[in-house]
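Enquirer: This is the structure I want to talk about, given as C-alpha coordinates.
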Amino acid sequence: MCDRDSQVSPLGVNRRFCIAPMMELTDRHFRYFFRAISPHALLYSEMLVAQAVVHGDREYLLAYDAEEHPLALQLGGSDPELLAEASRIGEQFGYDEINLNCGCPSDRVQAGRIGACLMAAPELVADCVHQMQAAVTVPVTVKCRIGIDRDDSIDMLMQFIASVRAAGCRVFIIHARKAWLEGLSPRENREIPPLRYEHVYAVKQAYPDCDININGGIKTPAEVSDHLAQVDGVMLGREAYYNPYEMMSIAQQVYPGTAGHAPSRVQLVAHYLDYMREKTAAGVPLPHVSRHLIPLYQGVPGARAWRRQLSEGAATLPADALVAAALSSVEPAEVCRDLGVPTTSPDVPAARSC
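Count along the sequence shown from 1, add 139, and you get the number used in this note's numbering.
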(Lines of atoms letter the chains of each structure in order from A and count residues from 1; the text may use other names and numbers.)
(Lines give C-alpha, C1' and ligand atoms only; values in the text may rest on other atoms or scores of the structure.)
Protein backbone atom coordinates (compact mmCIF):
# COMPACT_ATOMS: atom_id res chain seq x y z
CA MET A 1 0.00 0.00 0.00
CA CYS A 2 1.17 3.53 -0.80
CA ASP A 3 0.49 6.43 1.52
CA ARG A 4 1.21 9.77 -0.16
CA ASP A 5 -1.34 12.19 1.26
CA SER A 6 0.91 15.23 1.58
CA GLN A 7 0.72 17.96 -1.02
CA VAL A 8 4.43 17.59 -1.87
CA SER A 9 6.18 14.24 -2.22
CA PRO A 10 9.64 13.57 -0.77
CA LEU A 11 10.92 13.95 -4.35
CA GLY A 12 9.83 17.57 -4.61
CA VAL A 13 6.63 17.60 -6.68
CA ASN A 14 3.26 16.05 -5.90
CA ARG A 15 2.38 13.61 -8.67
CA ARG A 16 -0.66 11.86 -7.25
CA PHE A 17 -2.77 13.31 -10.08
CA CYS A 18 -1.11 14.29 -13.35
CA ILE A 19 -2.36 15.28 -16.79
CA ALA A 20 -0.36 13.62 -19.54
CA PRO A 21 1.67 15.48 -22.15
CA MET A 22 -0.36 15.30 -25.38
CA MET A 23 0.80 16.69 -28.69
CA GLU A 24 -1.45 19.44 -30.07
CA LEU A 25 -3.62 19.30 -26.94
CA THR A 26 -1.79 20.27 -23.74
CA ASP A 27 -0.61 23.68 -24.87
CA ARG A 28 -0.41 26.66 -22.52
CA HIS A 29 -4.04 27.61 -23.15
CA PHE A 30 -5.38 24.19 -22.16
CA ARG A 31 -3.18 24.15 -19.09
CA TYR A 32 -4.50 27.53 -17.96
CA PHE A 33 -8.05 26.31 -18.48
CA PHE A 34 -7.48 23.03 -16.62
CA ARG A 35 -5.81 24.69 -13.66
CA ALA A 36 -9.20 26.14 -12.72
CA ILE A 37 -10.53 22.57 -12.54
CA SER A 38 -7.72 21.23 -10.36
CA PRO A 39 -5.49 23.59 -8.38
CA HIS A 40 -2.92 20.88 -7.57
CA ALA A 41 -2.70 18.45 -10.50
CA LEU A 42 0.73 18.30 -12.09
CA LEU A 43 0.39 19.52 -15.67
CA TYR A 44 2.74 18.69 -18.52
CA SER A 45 3.74 20.57 -21.62
CA GLU A 46 3.46 19.04 -25.02
CA MET A 47 6.64 17.19 -25.89
CA LEU A 48 9.27 19.62 -27.13
CA VAL A 49 12.28 18.37 -29.06
CA ALA A 50 15.47 19.29 -27.24
CA GLN A 51 17.07 20.68 -30.37
CA ALA A 52 14.14 23.06 -30.88
CA VAL A 53 14.37 24.29 -27.30
CA VAL A 54 18.10 24.95 -27.64
CA HIS A 55 18.09 26.51 -31.10
CA GLY A 56 14.51 27.71 -31.62
CA ASP A 57 12.25 30.49 -30.36
CA ARG A 58 12.38 29.79 -26.65
CA GLU A 59 9.77 32.34 -25.65
CA TYR A 60 7.28 30.91 -28.14
CA LEU A 61 7.96 27.32 -27.11
CA LEU A 62 8.34 27.65 -23.36
CA ALA A 63 6.33 30.65 -22.17
CA TYR A 64 3.38 30.00 -19.87
CA ASP A 65 1.23 31.74 -17.28
CA ALA A 66 2.23 31.59 -13.63
CA GLU A 67 -1.15 30.06 -12.75
CA GLU A 68 -0.13 26.87 -14.54
CA HIS A 69 2.21 25.71 -11.77
CA PRO A 70 2.99 22.98 -10.84
CA LEU A 71 4.19 22.41 -14.39
CA ALA A 72 6.52 19.88 -16.00
CA LEU A 73 8.40 20.26 -19.27
CA GLN A 74 8.58 17.12 -21.39
CA LEU A 75 11.57 16.86 -23.68
CA GLY A 76 12.20 14.55 -26.61
CA GLY A 77 15.67 13.59 -27.71
CA SER A 78 18.57 11.20 -27.32
CA ASP A 79 21.61 13.48 -27.37
CA PRO A 80 22.71 13.79 -23.73
CA GLU A 81 24.37 17.18 -24.21
CA LEU A 82 21.40 18.68 -26.08
CA LEU A 83 19.00 17.32 -23.48
CA ALA A 84 21.11 18.75 -20.68
CA GLU A 85 21.13 22.18 -22.30
CA ALA A 86 17.38 22.04 -22.99
CA SER A 87 16.81 21.03 -19.36
CA ARG A 88 18.87 23.98 -18.16
CA ILE A 89 16.81 26.32 -20.32
CA GLY A 90 13.59 24.76 -19.02
CA GLU A 91 14.66 25.33 -15.44
CA GLN A 92 15.54 28.94 -16.27
CA PHE A 93 11.97 29.37 -17.51
CA GLY A 94 10.71 28.12 -14.15
CA TYR A 95 9.42 24.64 -14.92
CA ASP A 96 9.04 22.49 -11.81
CA GLU A 97 10.19 19.23 -13.41
CA ILE A 98 11.93 18.05 -16.58
CA ASN A 99 10.62 14.82 -18.10
CA LEU A 100 12.29 12.67 -20.76
CA ASN A 101 9.94 11.04 -23.27
CA CYS A 102 10.70 7.34 -23.64
CA GLY A 103 7.13 6.33 -24.45
CA CYS A 104 5.92 7.91 -27.70
CA PRO A 105 5.61 5.28 -30.47
CA SER A 106 5.16 7.67 -33.41
CA ASP A 107 7.14 6.90 -36.57
CA ARG A 108 7.91 10.60 -36.88
CA VAL A 109 9.65 10.85 -33.53
CA GLN A 110 11.38 7.49 -33.91
CA ALA A 111 13.15 8.89 -36.96
CA GLY A 112 14.86 11.33 -34.61
CA ARG A 113 15.56 8.61 -32.05
CA ILE A 114 12.96 9.98 -29.69
CA GLY A 115 10.30 8.25 -27.61
CA ALA A 116 9.58 4.57 -27.03
CA CYS A 117 12.43 3.35 -29.23
CA LEU A 118 14.79 4.51 -26.47
CA MET A 119 13.60 1.66 -24.26
CA ALA A 120 15.86 -0.55 -26.40
CA ALA A 121 18.83 1.59 -25.30
CA PRO A 122 18.63 1.85 -21.49
CA GLU A 123 22.29 2.80 -21.11
CA LEU A 124 21.81 5.75 -23.47
CA VAL A 125 18.73 6.83 -21.50
CA ALA A 126 20.76 6.55 -18.31
CA ASP A 127 23.45 8.79 -19.79
CA CYS A 128 20.83 11.31 -20.89
CA VAL A 129 19.27 11.38 -17.43
CA HIS A 130 22.65 11.68 -15.74
CA GLN A 131 23.61 14.72 -17.80
CA MET A 132 20.17 16.29 -17.49
CA GLN A 133 20.32 15.97 -13.71
CA ALA A 134 23.78 17.51 -13.64
CA ALA A 135 22.41 20.55 -15.48
CA VAL A 136 19.43 21.32 -13.22
CA THR A 137 18.25 21.32 -9.63
CA VAL A 138 14.62 20.38 -10.35
CA PRO A 139 13.62 16.71 -10.64
CA VAL A 140 14.39 14.86 -13.88
CA THR A 141 11.84 12.14 -14.57
CA VAL A 142 11.21 9.51 -17.25
CA LYS A 143 7.98 8.52 -18.99
CA CYS A 144 8.07 5.10 -20.65
CA ARG A 145 6.00 2.07 -21.70
CA ILE A 146 6.10 -1.41 -20.15
CA GLY A 147 7.95 -2.68 -23.23
CA ILE A 148 8.30 -2.47 -26.98
CA ASP A 149 7.32 -4.73 -29.87
CA ARG A 150 7.45 -8.41 -28.93
CA ASP A 151 9.47 -7.76 -25.80
CA ASP A 152 7.04 -6.74 -23.11
CA SER A 153 8.30 -9.09 -20.45
CA ILE A 154 8.54 -7.84 -16.93
CA ASP A 155 12.27 -8.53 -17.13
CA MET A 156 12.80 -5.97 -19.89
CA LEU A 157 10.91 -3.32 -17.93
CA MET A 158 12.82 -4.07 -14.74
CA GLN A 159 16.15 -3.90 -16.56
CA PHE A 160 15.22 -0.55 -18.09
CA ILE A 161 14.14 0.88 -14.73
CA ALA A 162 17.26 -0.48 -13.01
CA SER A 163 19.60 1.12 -15.56
CA VAL A 164 17.94 4.52 -15.44
CA ARG A 165 17.55 4.40 -11.67
CA ALA A 166 21.29 3.72 -11.38
CA ALA A 167 21.84 7.04 -13.16
CA GLY A 168 19.91 8.79 -10.40
CA CYS A 169 16.33 8.90 -11.67
CA ARG A 170 13.78 8.24 -8.94
CA VAL A 171 10.54 9.15 -10.74
CA PHE A 172 8.99 7.03 -13.49
CA ILE A 173 5.67 7.51 -15.24
CA ILE A 174 4.80 4.19 -16.85
CA HIS A 175 2.15 3.70 -19.53
CA ALA A 176 0.88 0.20 -18.79
CA ARG A 177 0.89 -0.88 -22.45
CA LYS A 178 3.78 -1.92 -24.63
CA ALA A 179 4.48 0.10 -27.77
CA TRP A 180 4.59 -1.40 -31.23
CA LEU A 181 7.23 0.59 -33.09
CA GLU A 182 5.99 -0.62 -36.47
CA GLY A 183 2.53 -1.49 -37.74
CA LEU A 184 0.40 0.57 -35.34
CA SER A 185 -0.41 4.27 -35.38
CA PRO A 186 0.01 6.33 -32.20
CA ARG A 187 -3.76 6.11 -31.67
CA GLU A 188 -3.74 2.33 -32.12
CA ASN A 189 -0.82 2.12 -29.71
CA ARG A 190 -3.05 3.77 -27.10
CA GLU A 191 -5.83 1.22 -27.62
CA ILE A 192 -4.71 -2.13 -29.03
CA PRO A 193 -1.85 -3.37 -26.81
CA PRO A 194 -3.40 -4.81 -23.64
CA LEU A 195 -3.10 -2.98 -20.36
CA ARG A 196 -0.88 -4.74 -17.84
CA TYR A 197 -1.18 -2.71 -14.69
CA GLU A 198 0.41 -5.50 -12.69
CA HIS A 199 3.76 -4.78 -14.40
CA VAL A 200 3.69 -1.22 -13.06
CA TYR A 201 2.70 -2.42 -9.60
CA ALA A 202 5.65 -4.83 -9.69
CA VAL A 203 8.05 -1.96 -10.39
CA LYS A 204 6.82 -0.16 -7.29
CA GLN A 205 7.26 -3.30 -5.21
CA ALA A 206 10.78 -3.80 -6.56
CA TYR A 207 11.80 -0.17 -6.11
CA PRO A 208 9.92 1.27 -3.13
CA ASP A 209 12.30 4.24 -3.01
CA CYS A 210 11.10 5.38 -6.43
CA ASP A 211 8.04 7.49 -7.19
CA ILE A 212 6.08 5.26 -9.59
CA ASN A 213 3.15 6.72 -11.49
CA ILE A 214 0.73 4.79 -13.69
CA ASN A 215 -0.80 5.84 -17.00
CA GLY A 216 -3.11 4.21 -19.53
CA GLY A 217 -6.85 3.59 -19.70
CA ILE A 218 -7.70 5.30 -16.41
CA LYS A 219 -11.04 7.10 -16.39
CA THR A 220 -12.99 6.97 -13.11
CA PRO A 221 -12.47 7.97 -9.48
CA ALA A 222 -12.82 4.30 -8.49
CA GLU A 223 -10.03 3.31 -10.87
CA VAL A 224 -7.85 6.11 -9.55
CA SER A 225 -8.43 4.94 -6.00
CA ASP A 226 -7.51 1.35 -6.89
CA HIS A 227 -4.26 2.43 -8.52
CA LEU A 228 -3.28 4.74 -5.69
CA ALA A 229 -3.42 1.76 -3.36
CA GLN A 230 -0.55 0.27 -5.38
CA VAL A 231 1.53 3.14 -6.77
CA ASP A 232 2.34 6.75 -5.98
CA GLY A 233 0.38 8.59 -8.63
CA VAL A 234 -1.94 8.40 -11.62
CA MET A 235 -1.69 10.15 -14.97
CA LEU A 236 -4.73 10.69 -17.16
CA GLY A 237 -4.54 11.72 -20.79
CA ARG A 238 -7.31 11.97 -23.35
CA GLU A 239 -10.02 11.26 -20.80
CA ALA A 240 -8.96 14.45 -19.02
CA TYR A 241 -8.93 16.46 -22.24
CA TYR A 242 -12.21 15.24 -23.71
CA ASN A 243 -14.14 14.98 -20.44
CA PRO A 244 -12.53 17.73 -18.37
CA TYR A 245 -15.35 18.53 -15.98
CA GLU A 246 -15.41 14.98 -14.66
CA MET A 247 -11.80 15.42 -13.58
CA MET A 248 -12.95 17.64 -10.74
CA SER A 249 -14.27 14.65 -8.81
CA ILE A 250 -10.92 12.90 -9.23
CA ALA A 251 -9.04 15.99 -8.08
CA GLN A 252 -11.25 16.29 -5.01
CA GLN A 253 -10.72 12.62 -4.20
CA VAL A 254 -6.95 12.81 -4.57
CA TYR A 255 -6.66 16.12 -2.71
CA PRO A 256 -9.38 16.05 -0.01
CA GLY A 257 -8.49 19.56 1.10
CA THR A 258 -9.84 20.91 -2.19
CA ALA A 259 -13.32 19.43 -1.78
CA GLY A 260 -14.75 22.95 -1.55
CA HIS A 261 -13.26 23.85 -4.93
CA ALA A 262 -16.15 23.00 -7.25
CA PRO A 263 -16.77 25.72 -9.84
CA SER A 264 -19.68 25.14 -12.16
CA ARG A 265 -19.14 24.81 -15.88
CA VAL A 266 -20.33 28.33 -16.53
CA GLN A 267 -18.02 29.65 -13.80
CA LEU A 268 -15.14 27.96 -15.60
CA VAL A 269 -16.27 29.64 -18.82
CA ALA A 270 -16.40 33.04 -17.11
CA HIS A 271 -12.89 32.55 -15.73
CA TYR A 272 -11.51 31.43 -19.07
CA LEU A 273 -13.26 34.21 -20.97
CA ASP A 274 -11.07 36.78 -19.22
CA TYR A 275 -8.05 34.83 -20.42
CA MET A 276 -9.45 34.62 -23.95
CA ARG A 277 -9.87 38.39 -24.04
CA GLU A 278 -6.31 38.91 -22.82
CA LYS A 279 -4.74 36.52 -25.30
CA THR A 280 -6.70 37.66 -28.33
CA ALA A 281 -5.89 41.28 -27.49
CA ALA A 282 -2.23 40.22 -27.56
CA GLY A 283 -2.67 38.78 -31.05
CA VAL A 284 -3.35 35.10 -30.38
CA PRO A 285 -5.94 33.77 -32.86
CA LEU A 286 -9.19 33.07 -31.02
CA PRO A 287 -9.53 29.46 -32.31
CA HIS A 288 -6.20 28.59 -30.68
CA VAL A 289 -7.64 29.53 -27.30
CA SER A 290 -11.36 28.78 -27.55
CA ARG A 291 -10.93 25.20 -28.81
CA HIS A 292 -10.17 23.97 -25.31
CA LEU A 293 -13.70 24.86 -24.20
CA ILE A 294 -15.30 22.51 -26.74
CA PRO A 295 -15.37 19.37 -24.52
CA LEU A 296 -16.52 21.19 -21.37
CA TYR A 297 -20.24 20.40 -21.70
CA GLN A 298 -19.72 16.76 -22.67
CA GLY A 299 -22.84 14.79 -21.75
CA VAL A 300 -24.98 17.88 -21.06
CA PRO A 301 -28.18 18.61 -23.06
CA GLY A 302 -27.26 21.08 -25.78
CA ALA A 303 -23.63 19.95 -25.91
CA ARG A 304 -23.71 19.32 -29.64
CA ALA A 305 -24.87 22.88 -30.35
CA TRP A 306 -22.26 24.20 -27.90
CA ARG A 307 -19.51 22.35 -29.76
CA ARG A 308 -20.78 23.43 -33.16
CA GLN A 309 -21.02 27.09 -32.18
CA LEU A 310 -17.49 27.13 -30.76
CA SER A 311 -16.07 25.27 -33.74
CA GLU A 312 -17.80 27.27 -36.45
CA GLY A 313 -17.92 30.70 -34.84
CA ALA A 314 -14.34 31.06 -33.61
CA ALA A 315 -13.04 32.21 -36.98
CA THR A 316 -15.53 35.06 -37.34
CA LEU A 317 -16.84 36.14 -33.92
CA PRO A 318 -15.01 38.00 -31.15
CA ALA A 319 -14.54 36.15 -27.87
CA ASP A 320 -17.54 37.61 -26.02
CA ALA A 321 -19.96 36.99 -28.88
CA LEU A 322 -18.63 33.48 -29.43
CA VAL A 323 -19.05 32.51 -25.78
CA ALA A 324 -22.49 34.10 -25.59
CA ALA A 325 -23.70 32.23 -28.64
CA ALA A 326 -22.33 28.92 -27.42
CA LEU A 327 -23.69 29.32 -23.89
CA SER A 328 -27.17 29.92 -25.28
CA SER A 329 -27.30 26.20 -26.02
CA VAL A 330 -26.49 24.98 -22.53
CA GLU A 331 -27.12 27.62 -19.83
CA PRO A 332 -30.09 29.77 -18.73
CA ALA A 333 -29.73 33.49 -19.39
CA GLU A 334 -30.07 34.43 -15.72
CA VAL A 335 -27.12 32.22 -14.74
CA CYS A 336 -24.96 33.93 -17.35
CA ARG A 337 -26.03 37.41 -16.26
CA ASP A 338 -25.37 36.68 -12.59
CA LEU A 339 -21.77 35.80 -13.45
CA GLY A 340 -21.27 38.71 -15.79
CA VAL A 341 -20.94 36.40 -18.78
CA PRO A 342 -22.15 37.99 -22.03
CA THR A 343 -25.58 36.94 -23.25
CA THR A 344 -26.59 36.75 -26.87
CA SER A 345 -27.62 39.84 -28.79
CA PRO A 346 -29.84 40.08 -31.87
CA ASP A 347 -26.68 40.02 -33.99
CA VAL A 348 -25.61 36.61 -32.73
CA PRO A 349 -27.61 33.49 -33.63
CA ALA A 350 -28.60 31.44 -30.61
CA ALA A 351 -30.20 28.10 -29.98
CA ARG A 352 -32.12 29.53 -27.03
CA SER A 353 -32.00 32.58 -24.80
CA CYS A 354 -28.86 33.05 -22.74
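Even for Gly, the Cβ is constructed at its ideal location relative to N, Cα and C.
Helix, strand or coil: which one does DSSP assign to Met271?
Expert: Note: Met271 maps to helix in three-state DSSP.
Enquirer: Using DSSP with H/G/I as helix, E/B as strand and the rest coil, what is Asp290?
Expert: Three-state DSSP puts Asp290 in a strand.
Enquirer: DSSP state of Ile331, grouped into three classes?
Expert: Looking at Ile331 - three-state DSSP - the assignment turns out to be coil, as it is neither helix nor strand.
Enquirer: Check each candidate in Ile353, Arg289, Ala421 and Gln213 and name the one with the smallest Cα separation from Ile312.
Expert: Residue Ile353 is the option with its Cα nearest to Ile312.
Enquirer: So is Gln270 buried or exposed if we call it buried at 16+ other beta carbons inside 10 Å?
Expert: So Gln270 counts as buried.
Enquirer: Exposed or buried, which one is Phe280 when buried takes at least 16 other CB atoms within 10 Å?
Expert: Checking the sequence shown, residue 280 turns out to be Thr, not Phe. Per the 10 Å Cβ criterion, buried.
Enquirer: Residues in the same chain with beta-carbon distance under 6 Å from Met295, minus the five sequence neighbours each way, listed in chain order, please.
Expert: Excluding positions up to five away in sequence, the list reads Gly286.
Enquirer: Taking DSSP as the reference, what is the three-state secondary structure of Asp477?
Expert: Helix, per DSSP.
Enquirer: Given Ala175, which residues of its chain have a CB within under 6 Å of its CB, disregarding the five upstream and five downstream residues?
Expert: Taken in chain order, the residues that qualify are Leu407 and His410.
Enquirer: Just to confirm the assignment, what range does the alpha helix (DSSP H) spanning Tyr414 have?
Expert: Taken as a continuous stretch (DSSP letters only), the alpha helix (DSSP H) holding Tyr414 covers Arg404 to Ala420.
Enquirer: Where do the ends of the beta strand (DSSP E) carrying Ile353 lie?
Expert: Per DSSP, Ile353 belongs to the beta strand (DSSP E) from Asp350 to Asn354.
Enquirer: Measuring CB to CB, does Ala260 end up less than 8 Å from Gly242?
Expert: It is not a contact, given that the beta carbons lie outside the stated cut-off.
Enquirer: Checking 8 Å against the spacing of the C-beta atoms, do Gln448 and Ala465 come in under that value?
Expert: Yes, Cβ-Cβ distance for Gln448 and Ala465 is below 8 Å.
Enquirer: By how many angstroms is the C-alpha of Leu187 removed from the C-alpha of Gly195?
Expert: One C-alpha to the other measures close to 11 Å.
Enquirer: When the Cβ atoms of the stretch 177 to 184 are set against those of the stretch 208 to 224, are three or more pairs found closer than 8 Å?
Expert: With the cut-off at 8 Å, the stretch 177 to 184 and the stretch 208 to 224 touch.
Enquirer: Given this structure, state the Cα-to-Cα distance separating His208 from Tyr234, to the nearest angstrom.
Expert: His208 and Tyr234: Cα-Cα distance of roughly 8 Å.
Enquirer: Beta-carbon of Gly372 versus every beta-carbon of chain C: anything under 8 Å?
Expert: Among the chains of the structure shown, chain C does not appear; only one protein chain is present.
Enquirer: Given a cut-off of 8 Å on the beta-carbon distance, is the pair Leu334 and Ala361 in contact?
Expert: No, these two residues do not count as a Cβ contact at 8 Å.
Enquirer: When the Cα atoms are used, what is the spatial distance from Glu337 to Asn240?
Expert: If you take the alpha carbons of Glu337 and Asn240, they lie about 22 Å apart.
Enquirer: Determine whether the beta carbon atoms of Asp288 and Leu263 lie at a separation below 8 Å.
Expert: No.
Enquirer: Short check: CB of Ala341 to CB of Ile293, under 8 Å?
Expert: Closer than 8 Å, so yes.
Enquirer: Under DSSP, the alpha helix (DSSP H) around Val469 begins and ends at which residues?
Expert: Run containing Val469: none; DSSP gives neither H nor E here.
Enquirer: Quick check on Thr165: buried or exposed, where buried means 16 or more other Cβ atoms within 10 Å of its Cβ?
Expert: That one is buried.
Enquirer: Go through its chain and collect everything with a Cβ distance to Cys475's Cβ below 8 Å, but skip five positions before and after it.
Expert: So the list reads Val405, Ala463, Leu466, Pro481, Thr482 and Cys493, once near-sequence residues are dropped.
Enquirer: Can you find the residues in the same chain that come closer than 6 Å, C-beta to C-beta, to Trp445, ignoring five residues on each side of it along the sequence?
Expert: If we look at Trp445 and ignore the five residues flanking it on each side, its Cβ neighbours are Tyr436, Ala465, Ser468 and Val469.
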